[in-house]
Structures are given as structure tokens and as C-alpha cells.
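Asker:
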Amino acid sequence: MNAGHGVEGRDRHAGAGIYLQCLLRHPVCADCGLDQLFPLWLRSQGLTEADVGLCLSLGSVLAIVANPIVGIIADKTGRRERLLIVLGSATALISLFNFMAEGFTVILAIYLSVRLFSSSLIPLSESIVLANMKRLDLNFGRIRSWGSSAVVALSPVLGILVDRTGPTAIIVVLSCAYAAQALAACALPVHREERARQPAPSAPMTKVLRVPGFGLLLGSAAISQACHGVFYTYSTFYWLAAGHSAMVIGLLWALGVTVEIVVFKFSHLVTRRFSWILIVAACGGGVLRWGLLGLSGELPMAILVQLLQGATLGLTQVGVAAYMSASMPPRILSTGTGLYTACTGLLAAVFIYGGGLLYPGFGGRLFLVSAALCAVALIPATILAVHIHRRLGARTDH
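So the sequence shown is residues 773 to 1170, counted in the numbering used here.
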């Protein structure tokens, strides 16, 4: 009896640890409100827009290399939770060197060192959650909402801190958040039986590339998602030049993530019947969103742009997930997902670096280039939608 209560208590403790981990993981990784303000700190250190673009694009390239290596280590050792502690701790310690950084070369070296350890925090956290979904009866949508809610709460607070104390507040909060993630990882469950497992052999890339429609997915959804890298890197400069405070910019980030949460919350209502059109809608939304952003940085337009985040980032991610689950054979699902992520990261690196070269002369008109890229992506997205719709129709007929 006592033993049963002990197991139940440990499971509750483990479940709480996973919730805490996912609450903390979003604010410390590359797609969150903190890193959307990080370019402001880089600029305050004397870096030009081109320098900022080079830093962030090289960070994206490094993530493409680091993520598979960390995944292999995690699978071979079975110690995902301990690895998460190591990554979070190392990132927190290295980020402290930013307080002493001077000059482009030193700042770049520190940033790339941070990205080497931090880029795997999100996928590693998600793998831990997925491994415990059934055993602890966890709701993935609710956990994701907790993480996104942390971004909503943290973004305006960080904006206020930046307004009052300067961009150094970004580094302080980043370091604290990384340390908090490492501490939260200590509460996660450890599956000893996983340590004896051998990692499944990776499927050849050629098998993934032969999956019907996968190339079209890379030519549409990957471009749509990569355009957000340009937005995250240069929109803060753009809005500051338009006269908005860091607090207002933080509120704008929070608004965008809030809309994104709503899309994820109700995504199941549209994926059942309209999964084939989601990526088309996302690319079309990108044409509209980035086009509007390129026309004006005034507050009413900025609010409208952020209200469209659910249509661009939200629908892209939901559409990709729907395609992967429906089209990718289970034995190559991880390889397919990894290849898509790698291609998206590579495109983002190219777009961010190119944006750094164009922004000094183009200013906000840089986002019109993103709108044009999404317009191009509409072509393969439409072909993919027709392909999926025909396949769904054939299944219905049978």
C-alpha cells in the first residue's frame, strides 16, 4: 500500500517536473521573446545590422550541426534528463561571459558557444515530454500553452527592464532563465530502462525525399517558417526606429504569441477537414503580414501584423505536423522531421544573413522581400495542397 502511494507520489512529482520544465523552456530558446530582443543587445555593443545578421545566421547553421549530435548522445546514453541539466548549466555559465565581451570577434565566439549548447534545449525537452505522455497522462497541448504563456508574461516585463536599465537586462534575464531551466530539469523523471536501448538506425535521406510531396513541403512551409527568422532579427530595430519603446515591443511580441496559442488550442478543429489547405493559408498570410510590415512600422500596423502571427507561424507548424503524420511512414518519421528542421534552419540562416546586408539600405522595406519569398512559396504550396486533397478524396472514395 505504501509502496503504491510512493510510486504514485513519484509520478506526480515527475509530472510536475515536466510541467515546470516546459514552462521554462520557451523563454530561453531561439523562438521566444528573449531572443527577439537579443539583437538589441548586440546592437548596443556596437555591432552593425550586418554583424548582427552574421552572428544569428551562423548560430542557425551551428544548430543544424549540434541538434543531431545531441540527439544521438541522448539516444545512446538514455540520460536525456541529465543531458538537459548539462546543456542548461553550460549555457547559463557561458552566457555570463557576455558581461565582459568587447568587440565583434569575442561576442561572436561567446554567442556561438551559447548556441552550441542551447539550440538542443527545445527538441530535447519535447522528447522527454513525449516519452512520458502515456505514463503520466500528460496533455501536450496544455504543456505547450504553459510554455507559450511564459513568453506572453515575460516579454513585456523584459521590455520594461530594457527601457529602465538598458539592454544589459536581456543578458541578465537570459542567464537566469538558462539556470532556472537546468534546475527544473532536476525534477524530471529518469527512465533507467532507456539506457540499455540501442538507437534505431537512421533511415537514408533518399527514402524521405521520395515521400510524395516532401520536396514541395520544403519549397513552401520551410520558406514560410524561415521568413520568421528575418522578422525576429530585424523587427526590433525597425520598431525602435519608428519610435516604439522596448516595453511596447515586448507587448507586441506577447500579442503575437497569444494569437499563436489560440491557433494551437483550436487547431484540431481545422486539421480534420482542412489540413490540405493550411500551408497555402500560411504562405498567403506571410505575403499579407510581411507586406503590411514593410509598408509601415506605426503602432496600428504593428498590432495588425502581430495578429497575423497565428496565420503565418501557427498554421505553418500545424500544417507541417498534419503532413508528417499523414504522409511520412513511421519508420522514417524522425528522419523526415529532422531533415525538414535542418532545411528550415539553413534557409533561415541564409535569409538572416542576407537581411543584414540589405537592412541598412532598405530599412523596413526588407520585409517586402519576405513577402515576395512567401509569394513564391505559394506555388509549391498550392501544388502540394492539390496533391493532398486528391489523395484524401481517393481515400474517401474507397
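Built from N, CA and C at the ideal position, the CB exists for glycine as well.
1. Considering only residues of the segment 1025–1074, which uninterrupted alpha helix (DSSP H) runs meet the minimum length of 4 residues and lie entirely inside it, listed in chain order?
2. Quick check on P984: does DSSP put it in helix, strand or coil?
3. On the three-state DSSP scale, how would you describe T877?
4. For S1099, report the span of its alpha helix (DSSP H) as first-last.
5. Could you give the first and the last residue of the continuous alpha helix (DSSP H) run that contains T940?
6. Is the separation between the beta-carbon of T1123 and that of G1028 shorter than 7 Å?
7. For G831, I'd like the list of residues in its chain whose CB is within less than 7 Å of its CB, leaving aside the five on either flank, ordered along the chain.
8. Give the single residue among Q1089, G1136, V878 whose Cα lies nearest to the Cα of M1073.
9. For V1034, which residues in the same chain have their Cβ closer than 7 Å to its Cβ, ignoring the five residues on either side in sequence?
10. Might you give, ordered along the chain, the residues of its own chain that have their beta carbon closer than 6 Å to the beta carbon of G1069, omitting 5 neighbours on each side?
11. Find out if the Cβ-Cβ distance for the pair S996, A1149 is shorter than 7 Å.
12. How is A993 classed by DSSP in three states: helix, strand or coil?
13. Tell me the rounded alpha-carbon separation between L1024 and G1057.
14. Taking the alpha-carbon of L988 as reference, which of E853, I942, S1099, L955 has the nearest alpha-carbon?
15. Compute the Euclidean distance between the alpha carbons of Y1112 and V929, then round it to the nearest angstrom.
16. I'd like to know if the segment 942–949 and the segment 850–870 are in contact, where contact means that at least 3 CB-CB pairs between them fall below 8 Å.
17. Whose CA, out of Q817, L955, P895, A1121, lies closest to the CA of A873?
18. Measure the Cβ-Cβ separation of D935 and S1017 and say whether it is below 7 Å.
19. What residue from V1031, Y1131, P1152 has the CA that sits closest to V824's CA?
20. Who are the Cβ neighbours of Y1125 in its own chain at under 7 Å, not counting the five residues just before and after it?
21. Just to confirm my understanding: we take V1158, look at its own chain, exclude 5 residues before and 5 after, and list those with CB closer than 7 Å. What are they?
22. Just to confirm my understanding: we take L1156, look at its own chain, exclude 5 residues before and 5 after, and list those with CB closer than 7 Å. What are they?
23. Thinking C-alpha only, which one of I943, G1086, G1110 is nearest P840?
24. May I have the straight-line CA-CA distance separating F1046 from V1090, to the nearest angstrom?
25. In angstroms, rounded to a whole number, what distance separates the CA positions of A1190 and C1146?
26. Measuring only the C-alpha atoms, how far is S867 from F889?
27. Could you give the distance in angstroms between the alpha-carbon of A956 and the alpha-carbon of T1154?
28. Does the beta-carbon of R1061 have 16 or more other beta-carbons within 10 angstroms, so that it is buried, or is it exposed?
29. If you count every other CB in all the chains shown that lies within 10 Å of the CB of I1075, and 16 or more means buried, which is it?
30. On the criterion of 16 or more Cβ atoms from any shown chain inside 10 Å, does L1041 qualify as buried, or is it exposed?
31. Quick check on DSSP: helix, strand or coil for S892?
32. Starting from G860, follow the alpha helix (DSSP H) in both directions and report where the run begins and ends.
Answerer: So, from the data block:
1. DSSP runs (the alpha helix (DSSP H)) wholly in the segment 1025–1074: 1039–1046, 1050–1067.
2. Here P984 carries a coil assignment [DSSP, helix/strand/coil].
3. DSSP places T877 in the helix class (H, G or I) of the three-state scheme.
4. Looking at the DSSP string, the run of the alpha helix (DSSP H) that includes S1099 is 1087–1099.
5. DSSP places T940 inside the alpha helix (DSSP H), whose first and last residues are 940–957.
6. For the sequence presented, residue 1123 should be read as Phe rather than Thr. In terms of Cβ geometry, F1123 and G1028 do not form a close pair [threshold 7 Å].
7. Here the set comprises Y883, L884, R887.
8. For the residues Q1089, G1136, V878, the minimum Cα distance to M1073 belongs to G1136.
9. Around V1034: G1082.
10. Y1010, W1011, A1014, G1136, listed in sequence order.
11. Closer than 7 Å, so yes.
12. Taken through DSSP and simplified to helix, strand or coil, A993 comes out as helix.
13. Using only the alpha carbons, I get a separation of about 18 Å.
14. Nearest C-alpha to L988: S1099.
15. Their Cα atoms are separated by approximately 34 Å.
16. The segment 942–949 is in contact with the segment 850–870.
17. That would be Q817, whose Cα lies nearest to the Cα of A873.
18. Taking 7 Å as the Cβ cut-off, D935 and S1017 qualify as a contacting pair.
19. Between V824 and the set V1031, Y1131, P1152, the nearest pair of CA atoms involves Y1131.
20. Only residues of its own chain outside the window of five on either side were considered, and among them G825, L826, S829 have a CB closer than 7 Å to the CB of Y1125, listed in chain order.
21. Cβ neighbours of V1158 beyond the five flanking positions: none.
22. The beta carbon of L1156 sits closer than 7 Å to the beta carbons of G985, L988, L989, S992, I1051 from its chain, once the five residues preceding and following it are set aside; these are given in chain order.
23. For the options I943, G1086, G1110, the alpha carbon positioned closest to that of P840 is the one of G1110.
24. Answer to the nearest angstrom: the Cα atoms are 11 Å apart.
25. Nothing in the structure corresponds to residue 1190, since the chain is present only between 773 and 1170.
26. Whole-angstrom Cα-Cα distance: 11 Å.
27. Using only the alpha carbons, I get a separation of about 43 Å.
28. When all chains shown are included, R1061 counts as buried.
29. Taking all protein chains shown into account, I1075 has fewer than 16 neighbouring C-beta atoms within 10 Å of its C-beta and is therefore exposed.
30. Its Cβ having fewer than 16 others within 10 Å, L1041 is exposed.
31. The three-state secondary structure of S892, taken from DSSP, is coil.
32. For G860, the enclosing alpha helix (DSSP H) covers residues 852–867.
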